[in-house]
Amino acid sequence: MNLKELMKQYLQEEGFCPKETEFGLEFKCEGRSFVFFYDGDDDQYFRLMMPNIFDVNDENREAVMAALNEANASVKVVKAYTPIPESVWVGFEVLVDSTPVLGDIVPRGLNMLRTAQQTFYEALKKG
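For my numbering, count along the sequence shown from 1 and bump the result up by 6.
Shown next as structure tokens:
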């Protein structure tokens, strides 16, 4: 079973309702959307994303970049960035072995994504 199938099975067993998309698996947790991106060329690359946490425009771009820096420097294993110029995303990326225990990885990854999101928001408020 590949990592995408394992993740889908894990999410279903935990009561999530993952939807398959062209990128991977989308699901909601505590009112937030998440996407598990599957890389068919690297079955040990685990990438969980929290998309679209903040809209970027010309007026806030400088403050957003400073807040991204703060979040990236403060929270382990995650990176906040703008994969499309108008939106901030946060990603949790790790390498896993061939038999990952997703019950150990996924909850911690979700928590770290939420922590990075909160750190980003707090940094924006500080300006």
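All C-beta atoms in this analysis are idealised placements derived from N, C-alpha and C, irrespective of residue type, glycine included.
Simplified DSSP assignment, three categories, for residue i
i: Tyr44; result: coil
i: Met55; result: strand
i: Glu36; result: coil
i: Glu20; result: coil
i: Glu28; result: coil
With 16 other Cβ atoms within 10 Å as the buried cut-off, status of residue i
i: Gly21; result: exposed
i: Gln124; result: exposed
i: Leu159; result: Summary: the structure shown does not reach residue 159, with the chain confined to residues 7 through 133, and so no result is reported for it.
i: Lys14; result: buried
i: Met7; result: exposed
i: Ile59; result: buried
i: Gly37; result: exposed
Cut-off 6 Å between Cβ atoms - residues of its own chain near residue i, not counting five sequence neighbours on either side
i: Lys132; result: none
i: Phe33; result: Leu17, Phe22, Pro24, Phe40
7 Å Cβ shell around residue i - same chain, five flanking residues per side excluded
i: Gly30; result: Lys10, Val41, Phe42, Phe43, Tyr44
i: Leu77; result: It should be pointed out that residue 77 corresponds to Ala in this sequence rather than to Leu. The residues are Ala86, Ala122, Thr125, Phe126, Ala129.
i: Leu108; result: Leu12, Met13, Tyr16
Cutoff 8 Å; reference residue i; Cβ partners in own chain excluding five residues on either side
i: Met118; result: Val81, Lys82, Val83, Val84, Phe98
i: Ile111; result: Phe52, Val100, Val102
i: Thr88; result: Val62, Val70, Leu74, Val94, Trp95
Ranges of the beta strand (DSSP E) found wholly within the stretch 64–126, counting only runs of at least 3: 84–90, 93–101
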